[in-house]
Structure formats: C-alpha cells, structure tokens
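Residue numbers (the working numbering), protein chains in the order written: chain A, 4 to 118; chain B, 2 to 111. Backbone N, C-alpha and C define an ideal beta-carbon position, used for all residues, glycine too. Note that the structure is predicted; figures quoted are calculated from it, not measured. Working notes, structure below.
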Amino acid sequence: DGGITQSPKYLFRKEGQNVTLSCEQNLNHDAMYWYRQDPGQGLRLIYYSQIVNDFQKGDIAEGYSVSREKKESFPLTVTSAQKNPTAFYLCASSKFRDRTNNEQFFGPGTRLTVL
Amino acid sequence: GQNIDQPTEMTATEGAIVQINCTYQTSGFNGLFWYQQHAGEAPTFLSYNVLDGLEEKGRFSSFLSRSKGYSYLLLKELQMKDSASYLCAVRARYGQNFVFGPGTRLSVLP
C-alpha cells in the first residue's frame, strides 16, 4: 500500500540537542512539505520541496533544516537554535505543487517533546 | 497578508446537520481545501473548491463564494466518529503553498 511514513511517533529530546525526524513516501509524489502544529492551532509551513536537491523555506524555517537527496525522503532536523521545538510535526506530499487540485497527503506525525 | 478564520469549537447532536464556516483574506485565490483531523492523527482530505458553488460528496458538502471570501463545510447525518477538527486551507496563488486556518473542533453528542 502506498503512503507516507514518519518515525518515530514520539520523540523526547534534551535541550540543546539536534534531532532528525524521518519522512518517507512511496506515492511517487514530487512535492513534499513539513508542517508544525501547536495545540489549538492550524498548520504552519516549515519547509517544502518540489524536486530532488531543491527546497524552500516556509513561514517558520528558523531553527530547522532539511535535505532532499531522494524523491522518497525529506528528513527534517530540529536544531538547538529552535527556541520552542515542542510540537506535533506533520510531513505531507502531493503530486505536483503547481496543480491547484492536488491535495496533500499527510503522514501520521511525530510528537516532539523537549525536556 | 493572508488570514483565514474559523470558529474555534462547535457542538452538535448525532443525526443532525452542522455547518462549519471559513472566511479568508488572501492576496489571491486558487483553490480551497477542507481536511478532517482526529486528535493526535494526520489530517485527511475531504473536499476541494475552486469555482463558486456547492460540491457534494456523500454526507459532506462544501460551498464556496469567491466574491465574499467565504466557504462552508456541511456535514449531514452526523455520527459520533465525525467528532474531529476540521481545517480550512487556501492556496493563494498558482504555484503557492497552502495557508491553513486554525481549525474548528467539532464535538458530536449522543
């Protein structure tokens, strides 16, 4: 079955440590996205990528980094520079970013807690 | 700037009909999406509107008025499993990414 996987589901990190969240898709989608969701709030875009080896900053990129070395994979690193990293992180993908009716498919999410 | 508003919470009774509104102000418009999100889970796609009017999909319908910057999601014959958050998202311009609203948390009571 095709889909998006994120691991781990729950992640705990000590303050000052970097941590990498995994996102893999086998839907053959070109575009991939990372969002952050805080309690009672909508999704905020961190980074997105249209094609391999290319990515752009979203609205809240500070303190995060990404890579897109393979079409299937778009890992997100939460660095120690991110002031308030505790949140629910969602990865998504879509067929073509520039097609208006291409909805996004979401992974199950990773809940990151900084201790 | 871009802004999307939705009511924070709504309550309805099993079997009833509920309408969740979404108003948006964006620099352009190129499609509106509705997603359902159960607590602690990923959002799932419900509907898409780009032209004015009503789109129907089983128990769910979505309406769009571009001149008013307004959309609603209509849920009929409510079931307990419909208790979830409903997210409205707008694509402001061709090739741009989505802007999500804060979501409306719907509680369906027996």
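Check, Outcome
"Outcome for residue 116(A) when other beta-carbon atoms lying within 10 angstroms are tallied against a minimum of 16", "exposed"
"7 Å Cβ shell around residue 17(A) - same chain, five flanking residues per side excluded", "118"
"Neighbour flag for residue 8(B) against chain A, beta carbons, 8 Å", "no"
"Residues bridged to residue 50(B) [DSSP beta-bridge criterion]", "33(B)"
"Spatially closest choice to residue 67(B) from 32(B), 108(B), 13(B), by CA coordinates", "32(B)"
"Neighbouring residues, chain B, relative to residue 106(A) (Cβ below 7 Å)", "34, 46, 49"
"Span of the beta strand (DSSP E), counted from its first residue to its last, around residue 6(B)", "4–6"
"The segment 70–81 of chain A / the segment 18–35 of chain A touching (three or more Cβ pairs under 8 Å)", "yes"
"Of the listed residues 10(A), 34(A), 33(A), nearest to residue 23(A) (C-alpha basis)", "10(A)"
"Residue(s) in a DSSP beta bridge with residue 88(B)", "36(B)"
"Nearest neighbour of residue 70(B), chosen from 50(B), 84(B), 60(B) [CA to CA]", "50(B)"
"Residue 77(B), DSSP secondary structure in three states", "coil"
"Separation of residue 78(B) from residue 39(A), as counted between CA atoms", "32 Å"
"Residue 73(A), DSSP secondary structure in three states", "strand"
"Strand pairing of residue 21(B), partner residues [DSSP]", "74(B)"
"Cutoff 8 Å: residue 101(B) Cβ touching any chain A Cβ", "yes"
"Cross-chain neighbours of residue 98(B) in chain A, by beta carbon under 8 Å", "36, 48, 51, 61, 100"
"Residue closest to residue 28(B), alpha-carbon to alpha-carbon, out of 17(B), 84(B), 91(B)", "91(B)"
"Beta carbon proximity, residue 112(A) to chain B, threshold 8 Å", "yes"
"contact_flag[the segment 55–62 of chain A, the segment 2–16 of chain B] where n(CB pairs < 8 Å) is 3 or more", "no"
"Cutoff 8 Å: residue 42(B) Cβ touching any chain A Cβ", "yes"
"Contacts of residue 24(A) in chain B (Cβ-Cβ under 9 Å)", "By Cβ distance, chain B contributes nothing, its closest Cβ being about 14 Å from residue 24(A), past 9 Å."
"Coarse secondary structure for residue 82(B), derived from DSSP in three states", "helix"
"Length of the line joining the Cα atoms of residue 81(A) and residue 68(A)", "7 Å"
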